[in-house]
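Single-structure report; data block below.
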Amino acid sequence: MDTFLHWLMLAVAIGVGWVLGYTAKKKSSAGSDPALPSNLKDRLKLLFEAYSEEVIDSFVQSLEVTSETVGMHLSIGSHFRKNGEVEKAILVHQNLMSRPEVPSNFTDEVMFELAKDYMAAGLLDRAESLFLRLQESRSFSRKSYKWLVDIYQQERDWDKAIEYGVPFNGQKGVDISVALSHFSCELAEKLIERHHYWDARNKLRDALRFDKCCARATLLLAKIHMSEGHYSEAVLILRKVDEQDYRFVPEAIPLLLECSQHLKSESKFRCYLEGLLVKKSSSSVMLGIADSYNRELGVLAAEKFLVSSLLEKSSLKGLDRLIDYQSVKAVSDSDTRHLTIIKQVTQSLLDGKPVYRCEGCGFSGEILHWQCPSCKEWGLVAPIQGVEGE
Ligand SMILES: [Zn+2]
990 MDTFLHWLML
1000 AVAIGVGWVL
1010 GYTAKKKSSA
1020 GSDPALPSNL
1030 KDRLKLLFEA
1040 YSEEVIDSFV
1050 QSLEVTSETV
1060 GMHLSIGSHF
1070 RKNGEVEKAI
1080 LVHQNLMSRP
1090 EVPSNFTDEV
1100 MFELAKDYMA
1110 AGLLDRAESL
1120 FLRLQESRSF
1130 SRKSYKWLVD
1140 IYQQERDWDK
1150 AIEYGVPFNG
1160 QKGVDISVAL
1170 SHFSCELAEK
1180 LIERHHYWDA
1190 RNKLRDALRF
1200 DKCCARATLL
1210 LAKIHMSEGH
1220 YSEAVLILRK
1230 VDEQDYRFVP
1240 EAIPLLLECS
1250 QHLKSESKFR
1260 CYLEGLLVKK
1270 SSSSVMLGIA
1280 DSYNRELGVL
1290 AAEKFLVSSL
1300 LEKSSLKGLD
1310 RLIDYQSVKA
1320 VSDSDTRHLT
1330 IIKQVTQSLL
1340 DGKPVYRCEG
1350 CGFSGEILHW
1360 QCPSCKEWGL
1370 VAPIQGVEGE
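For the working numbering, add 989 to where a residue sits in the sequence shown, where the first one is 1.
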């Protein structure tokens, strides 16, 4: 019975295919758009919804490749890819690629669809070679840029990602300036590792040309100056971070502190941080000021500042630091014991807590990723705000 039903379904599917082909032929001979007509797409949708995968497979194998059915094959291939059946999609599109009877006006579209199948299958080399061939295509050259940039990002070939990203960025409605600036920063970081500071600086200037708000480029530029012993220049550069992107000020504070220690300019460092705190509350800035008071004027001044700040803005990190200051002042064993207990509580609340979160997908972690490992967007992972964060 099962076999009978299967053959019956197959016969019906082939019948549907014939009707679809006939409709396509009629449309085509009427001089309409060679692309698949929308009502035909609806009927194909019906086919996909009404029949089993097995029947659809048999239908695809039985469907002849003619100028009238190419659109149908393309739609079926695309359906397979969207359903995660990439191998089947590849077979459909490879079959079309090998057929000389496919009209020339479909050649590029077939190649484009096959390249997308290869991308979905993770066959980046094959996808790259097809997208590069499509650079000659009038209709698909522009569409291929996006995919080539994607491939070169995955391969971490930043030079090529920039080469194809720049013309893609110039297209109407496309803005990948932030990504381009990070591609340049990636190149700069490699150069910094090899102490090629001159070339690294040029890449960072490129990064800032792509996106003048790229705090990462500024932080890297400052690090280059610091490794060359130019601390005053580094301070001037680091002071730009808050104007570029305040979210990354906590990344600049340890560098500013290091510079101030070399320059013996503790009060200037603290004065700058106090100016920042007036602009916007931040736990890192608050702690930076408190620790600076502690170093220069002692624990009482640090405690006084921290208490008044915590009254204005609740901060778990601030409370934790206040306990440290209180512990220094503790006179009795009983005070020390009580503070140790409270410290254990604040530490357990802070330990293992993510420090950074992606504003795009919510991914969180303890390391700053300039490209989100989850959604792959650039510049969206930033220090977490709120009582437990900044
Ligand atoms: Zn993300």
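Glycine is no exception: its CB is placed at the ideal position from the N, C-alpha and C atoms. None of these values were measured; they are calculated from a predicted model.
Three-state class that DSSP yields for residue i in the structure shown
{"i": "L1369", "result": "coil"}
{"i": "S1128", "result": "coil"}
{"i": "R1183", "result": "coil"}
{"i": "S1353", "result": "strand"}
{"i": "Y1011", "result": "Unreliable positioning characterises Y1011 in this predicted model, as indicated by a pLDDT of 47, which lies under 50. A coordinate reading is not provided."}
{"i": "R1346", "result": "strand"}
{"i": "Q1360", "result": "strand"}
{"i": "R1145", "result": "coil"}
{"i": "S1056", "result": "coil"}
{"i": "C1174", "result": "helix"}
{"i": "S1216", "result": "helix"}
{"i": "P1243", "result": "helix"}
{"i": "D1139", "result": "helix"}
{"i": "S1303", "result": "coil"}
{"i": "L1112", "result": "coil"}
{"i": "I1165", "result": "coil"}
{"i": "S1297", "result": "helix"}
{"i": "E1379", "result": "coil"}
{"i": "S1254", "result": "coil"}
{"i": "K1229", "result": "coil"}
{"i": "R1088", "result": "coil"}
{"i": "C1202", "result": "coil"}
{"i": "A1319", "result": "coil"}
{"i": "N1283", "result": "helix"}
{"i": "P1023", "result": "Low confidence applies to P1023: its pLDDT is 43, below 50, so where it sits in the model is not reliable enough to give any reading."}
Buried versus exposed, by CB contacts within 10 Å (16 or more), residue i
{"i": "R1326", "result": "exposed"}
{"i": "L1225", "result": "exposed"}
{"i": "L1209", "result": "buried"}
{"i": "L1052", "result": "buried"}
{"i": "G1060", "result": "buried"}
{"i": "H1184", "result": "exposed"}
{"i": "G1066", "result": "buried"}
{"i": "K1269", "result": "exposed"}
{"i": "V1370", "result": "buried"}
{"i": "E1292", "result": "buried"}
{"i": "D1340", "result": "exposed"}
{"i": "D1097", "result": "buried"}
{"i": "L1025", "result": "Reliability of the predicted coordinates at L1025 is poor, the pLDDT of 47 falling under 50, and the value obtained from them is presented with this limitation in mind. Buried: at least 16 other Cβ atoms inside 10 Å."}
{"i": "S1297", "result": "exposed"}
{"i": "D1322", "result": "exposed"}
{"i": "E1117", "result": "buried"}
{"i": "D1280", "result": "buried"}
{"i": "R1127", "result": "exposed"}
Beta-carbon proximity of residue i to residue j, cut-off 8 Å
{"i": "A1204", "j": "W1367", "result": "no"}
{"i": "R1310", "j": "L1276", "result": "yes"}
{"i": "V1288", "j": "Y1261", "result": "no"}
{"i": "L1308", "j": "A1319", "result": "no"}
{"i": "L1176", "j": "K1201", "result": "no"}
{"i": "L1113", "j": "I1140", "result": "yes"}
{"i": "K1330", "j": "Y1345", "result": "For the sequence presented, residue 1330 should be read as Ile rather than Lys. The answer is no: Cβ separation not under 8 Å."}
{"i": "A1223", "j": "A1211", "result": "yes"}
{"i": "A1150", "j": "V1138", "result": "yes"}
{"i": "P1156", "j": "E1379", "result": "no"}
{"i": "V1054", "j": "L1085", "result": "yes"}
{"i": "W1147", "j": "F1172", "result": "yes"}
{"i": "S1221", "j": "L1245", "result": "no"}
{"i": "I1312", "j": "K1332", "result": "yes"}
{"i": "L1295", "j": "T1335", "result": "no"}
{"i": "S1363", "j": "C1350", "result": "yes"}
{"i": "E1263", "j": "R1284", "result": "no"}
Residue nearest to residue i in terms of C-alpha spacing, selected from the options
{"i": "P1089", "options": "S1056, A1211, R1070", "result": "S1056"}
{"i": "S1273", "options": "P1372, S1087, F1172, D1106", "result": "P1372"}
{"i": "L1265", "options": "L1244, K1253, E1232, G1349", "result": "E1232"}
{"i": "Y1282", "options": "R1259, V1267, S1270, S1297", "result": "R1259"}
{"i": "E1301", "options": "V1317, S1166, S1337, S1271", "result": "S1271"}
{"i": "D1106", "options": "W1136, W1147, S1254, S1087", "result": "W1136"}
{"i": "A1104", "options": "L1244, F1120, G1218, K1306", "result": "F1120"}
{"i": "P1243", "options": "I1278, E1217, D1234", "result": "I1278"}
{"i": "F1199", "options": "G1218, Y1186, S1166, G1073", "result": "S1166"}
{"i": "A1109", "options": "I1213, N1094, K1077, Y1134", "result": "K1077"}
{"i": "I1213", "options": "L1338, S1256, V1317, E1182", "result": "E1182"}
{"i": "K1229", "options": "T1058, K1332, S1316, L1197", "result": "L1197"}
{"i": "H1068", "options": "E1102, V1091, R1145", "result": "E1102"}
{"i": "G1111", "options": "W1187, Q1143, R1122", "result": "Q1143"}
{"i": "H1219", "options": "E1152, T1207, E1074, C1248", "result": "C1248"}
{"i": "D1195", "options": "S1170, R1122, G1159", "result": "S1170"}
{"i": "S1303", "options": "T1058, D1234, Q1374, S1316", "result": "Q1374"}
For ligand 1, residues whose Cβ lies under 5 Å from any non-hydrogen atom: C1347, G1349, C1350, F1352, C1361, S1363, C1364
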